[in-house]
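J.:
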Amino acid sequence: MKSSRLLSILLLLQNRGRMTADELAAELEVSVRTVYRDVEALHAAGVPLYGDAGHGGGYRLLAGYRTRLTGLTSGEAEALFLSGVPGPAAELGLGPALAAAELKVGAALPAPLREQAERIRSRFHLEAPGWYAQGDPVPFLEQVADAVWNSRVLEVRYRRWQEPTDVDRRLEPYGLVLKAGRWYAVAGPGPRTYRVDQILELTATEERFEPPAGFVLAAYWRRYEADFLSRLHRGEAVVRLSPAAAARLTGPAAQALAATGQPEPDGWTRATLPTESLDQAHAAFLALGAEAEVLAPPELRDRLAATVHALAAVYDRT
Numbered sequence: 003m004k005s006s007r008l009l010s011i012l013l014l015l016q017n018r019g020r021m022t023a024d025e026l027a028a029e030l031e032v033s034v035r036t037v038y039r040d041v042e043a044l045h046a047a048g049v050p051l052y053g054d055a056g057h058g059g060g061y062r063l064l065a066g067y068r069t070r071l072t073g074l075t076s077g078e079a080e081a082l083f084l085s086g087v088p089g090p091a092a093e094l095g096l097g098p099a100l101a102a103a104e105l106k107v108g109a110a111l112p113a114p115l116r117e118q119a120e121r122i123r124s125r126f127h128l129e130a131p132g133w134y135a136q137g138d139p140v141p142f143l144e145q146v147a148d149a150v151w152n153s154r155v156l157e158v159r160y161r162r163w164q165e166p167t168d169v170d171r172r173l174e175p176y177g178l179v180l181k182a183g184r185w186y187a188v189a190g191p192g193p194r195t196y197r198v199d200q201i202l203e204l205t206a207t208e209e210r211f212e213p214p215a216g217f218v219l220a221a222y223w224r225r226y227e228a229d230f231l232s233r234l235h236r237g238e239a240v241v242r243l244s245p246a247a248a249a250r251l252t253g254p255a256a257q258a259l260a261a262t263g264q265p266e267p268d269g270w271t272r273a274t275l276p277t278e279s280l281d282q283a284h285a286a287f288l289a290l291g292a293e294a295e296v297l298a299p300p301e302l303r304d305r306l307a308a309t310v311h312a313l314a315a316v317y318d319r320t
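Going by the numbering used here, the first residue of the sequence shown is number 3, and it counts up by one from there.
1. With a 10 Å radius around its C-beta and 16 neighbouring C-beta atoms as the bar for buried, classify Pro175 as buried or exposed.
2. How do the region 239-253 and the region 286-297 stand: do at least 3 beta-carbon pairs fall below 8 Å, yes or no?
3. Nearest to Tyr226 by CA position, among Leu251, Ala258, Gly216 and Gly192, is which residue?
4. Name, in chain order, the residues that DSSP records as bridge partners for Arg197.
5. Is Gly60 near Thr22, with beta carbons less than 8 Å apart?
6. Should Gly270 be labelled buried (16 or more other beta-carbon atoms within 10 Å of its own) or exposed?
7. When you compare the CB positions of Glu29 and Leu12, do they come within less than 8 Å of one another, or not?
8. With a CB to CB cut of under 8 Å and the five nearest residues on each side skipped, what residues in its chain are close to Glu208?
9. Let me check one thing: in DSSP terms, what residues is Val158 bridge-paired to?
10. Indicate, with yes or no, if the ligand FMN has a heavy atom lying under 7 Å from the CB of Pro299.
11. With 16 as the cutoff for other CB atoms within 10 Å, does Trp185 come out buried or exposed?
12. Just the C-alpha distance for Glu278 and Glu117, rounded to the nearest angstrom, thanks.
13. Could you tell me how far apart the beta carbons of Ala228 and Leu156 are, in whole angstroms, since I believe they sit closer than 8 Å?
14. Which ranges would you report for the beta strand (DSSP E) in the region 218-297 if only whole runs of at least 3 residues count?
15. What are the boundary residues of the beta strand (DSSP E) that includes Arg62?
16. Go ahead and pull the three-state DSSP assignment for Tyr176.
17. Taking the straight line between their C-alpha atoms, what separation do you get for Asp54 and Glu42?
18. Ala44 and Leu8 look like a contact to me (Cβ under 8 Å); what is the Cβ gap, rounded to whole Å?
19. Quick check on the DSSP output: the alpha helix (DSSP H) that includes Leu94 runs from which residue to which?
20. How is Tyr38 classed by DSSP in three states: helix, strand or coil?
21. With a threshold of 8 Å between beta carbons, is Asp24 in contact with chain B?
22. Among the residues of its own chain, which have a CB less than 7 Å from the CB of Ala220, if the five just before and after it don't count?
23. Report all residues from its chain with a CB closer than 8 Å to the CB of Ala247; omit the five preceding and five following residues, and keep chain order.
24. Mind checking who Leu51 pairs with in its DSSP beta bridge?
25. Please report the distance separating the alpha-carbon of Thr252 from that of Leu178.
26. Counting only the same chain and skipping the five closest in sequence on each side, list residues whose C-beta sits under 6 Å from that of Thr167.
27. If we count the other Cβ atoms within 10 Å of its Cβ and call it buried at 16 or more, is Glu230 buried or exposed?
28. Can you look up Glu301 in the DSSP assignment and give me helix, strand or coil?
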C-alpha cells in the first residue's frame, strides 16, 4: 500500500540518512519512477525532505526531523516484541539494553497495540539451541561482538579441525551469526567463517578496519550455507523406505524424498537421498532399523549387512 511505503521511506531516511532514489527503490522493491512519485507526495504533505543532485547526492530529511511510531500496525507491533530473543541478547551483553528498549517502545505505543504486544511476549518464548544439546561455552563472545560493533581488529588463537589444529589468526570481524544455538563470526580477510566457541585466546587491538564495499552479512551467510550444503552432501544412496521411515526424514533428505520418491506396490517408497560420507550414511540408515533398505551403493549396503549380522550375534542367546 502507498501509505505504508511512504512511511517506510520516512523511516529509512530517518535511520540511514541520505539515500539515492535507486537505493530506495531497491530497498522497497519498486521502480525508481515510483520513488519519485512518493517523494513528491511527501513534499505535498509538508514533510521536510529534499534531494541533492550529482555525485554523493540523494534524498534526506531536514536535520532534526523525526517521525513518530504512530504508523505501526497491530501485526508490526506484535512482531517487534516477538523478535526480541532474550537468550542471545544476554550472551552478547545486551540483555539490559533489550529490556530497556522494549520498555521505551512499549511506552510509545497506543494502549491497544501495547496490550497486544504484551500478550505476544507472555505467550511466545523463542529458544535457539536444539534438544539434547547443551550450548557450548563461548567465553569471548562479548569481546568479538564489541570488535564487530567498533570495527576493531582481533588477534586470536583458533582451534580448527585440520592439522595444525591450533593456529594464530588476525581477524577483521564483519558480523556475528547465531545458527542452531552456535555463534559464528564472519571475518576478513576473505571473508571466512569462524566458530566463536573455538577461539582459545583473544587480544583486542586498537587497529581499525573497514568492511569491504558492498558487503552484506545476510547475503554472505546465504551463499555460505548453500556452499556448505553442496560440499557436505557429495554422495547419494538409493533406498527403500517404509511410511514410518519416510515420515522421520528431515531437511535435505526429506526434500530429496519429495523430489525423487517413487511409490512401490508394498507401500514403501524408493528414493535417492543425499549422503555426507560412508560413516554418516551408515549411522543414519542404521538408526532407521528395519524400516529402511539400502539398495546402493554396494559398499554401504555391505557395511550395514555386516553390522546387522554383528548385532544379531551379540543378541543371540541360544
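Quick reminder that beta carbons are idealized off the backbone N, C-alpha and C, glycines included.
T.: On the basis of the supplied data:
1. Buried, by the Cβ-count rule.
2. Contact holds: three or more Cβ-Cβ distances are below 8 Å.
3. Nearest C-alpha to Tyr226: Gly192.
4. Per DSSP, the beta-bridge partners of Arg197 are Tyr186.
5. A Cβ-Cβ contact shorter than 8 Å links Gly60 with Thr22.
6. The identity of residue 270 in the sequence shown is Trp, whereas the question assumes Gly. It counts as buried.
7. It is not a contact, given that the beta carbons lie outside the stated cut-off.
8. Once the five neighbours on either side are set aside, the close Cβ partners of Glu208 are Arg154.
9. Arg171 and Leu204.
10. As for the ligand FMN, it is missing from this structure, which has no ligand bound.
11. With 16 or more Cβ atoms within 10 Å of its Cβ, Trp185 is classed as buried.
12. Approximately 49 Å, taken between the alpha carbons.
13. Contact doesn't hold; Cβ gap of about 27 Å is too wide.
14. Taking only runs of at least 3 residues, the beta strand (DSSP E) segments lying wholly in the region 218-297 are 237-243 and 271-277.
15. Arg62 -> beta strand (DSSP E) spans Gly60 to Leu63.
16. Of the three classes helix, strand and coil, the one that applies to Tyr176 here is strand, per DSSP.
17. If you take the alpha carbons of Asp54 and Glu42, they lie about 15 Å apart.
18. Residue 44 is actually Leu in this sequence, not Ala. Beta-carbon to beta-carbon, Leu44 and Leu8 are separated by about 6 Å, close enough to satisfy the 8 Å threshold.
19. DSSP places Leu94 in no alpha helix (DSSP H); its state is neither H nor E.
20. DSSP places Tyr38 within a helical segment (H, G or I) once states are collapsed to three.
21. Looking at the structure shown, chain B is missing, and only one protein chain is on hand.
22. Closer than 7 Å at the Cβ level, and outside the excluded window around Ala220, lies no residue.
23. Result list for Ala247: Leu290, Glu293 and Ala294, in chain order.
24. Note: Leu51 sits in a beta bridge opposite Leu63.
25. For Thr252 and Leu178, the gap between their C-alpha atoms comes out near 27 Å.
26. In its chain, beyond the 5 residues on either side, Arg161 have a beta carbon closer than 6 Å to the beta carbon of Thr167.
27. In the sequence as displayed, the identity of residue 230 is Phe instead of Glu. Residue environment for Phe230: exposed (fewer than 16 other C-beta atoms within 10 angstroms of its C-beta).
28. In the structure shown, Glu301 sits in a helix (DSSP, three-state: H, G or I).
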